[in-house]
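Participant: I have a structure here, written as structure tokens, and I will follow up with some questions on it.
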Amino acid sequence: GMELGTALSFMMAITALSLPEAMILKRILHTKLIALFFGIVGFGIIGVGYLFNAIL
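Going by this note's numbering, the sequence shown opens with residue 22, and the numbers climb by one from there.
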């Protein structure tokens, strides 16, 4: 099956990096800030997945 860290990262990414969220943020933030937000959150989620796999 799938590693637990991979599954955790996938579930976090579905909620954190969604298209509806980007559309809502577009009303408030500039495109560069949205890209920065998605990049930081994406790298954070990947890091959590690797860390979770390393611990278990």
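For every residue, glycine included, the Cβ atom is placed at its ideal position computed from N, Cα and C.
For the alpha helix (DSSP H) that E24 lies in, which residues bound it at each end?
Facilitator: Position 3 of the sequence shown, counted from the first residue, corresponds to residue 24. Per DSSP, E24 belongs to no alpha helix (DSSP H) and is neither H nor E.
Participant: Does the Cβ-Cβ distance between T27 and G70 come in under 8 Å?
Facilitator: On the sequence shown, position 6 is the one that residue 27 refers to. On the sequence shown, position 49 is the one that residue 70 refers to. In contact: T27 and G70 (Cβ atoms closer than 8 Å).
Participant: Using only the alpha-carbon positions, how far apart do F31 and R48 sit?
Facilitator: As a first step, residue 31 is located in the sequence shown; it is residue number 10 there, counting from the start. As a first step, residue 48 is located in the sequence shown; it is residue number 27 there, counting from the start. Cα to Cα, the separation comes out at about 26 Å.
Participant: With distances taken Cα to Cα, identify the nearest neighbour of G63 among E24, G22, L29.
Facilitator: Taking the sequence shown and counting its residues from 1, one reaches residue 63 at position 42. If we check each option's Cα against that of G63, L29 comes out closest.
Participant: Going by C-alpha distance, which of G68, L40, L77, I66 is nearest I55?
Facilitator: Here residue 55 is taken as the residue at index 34 of the sequence shown, counted from 1. I55 has its Cα closest to that of L40, out of G68, L40, L77, I66.
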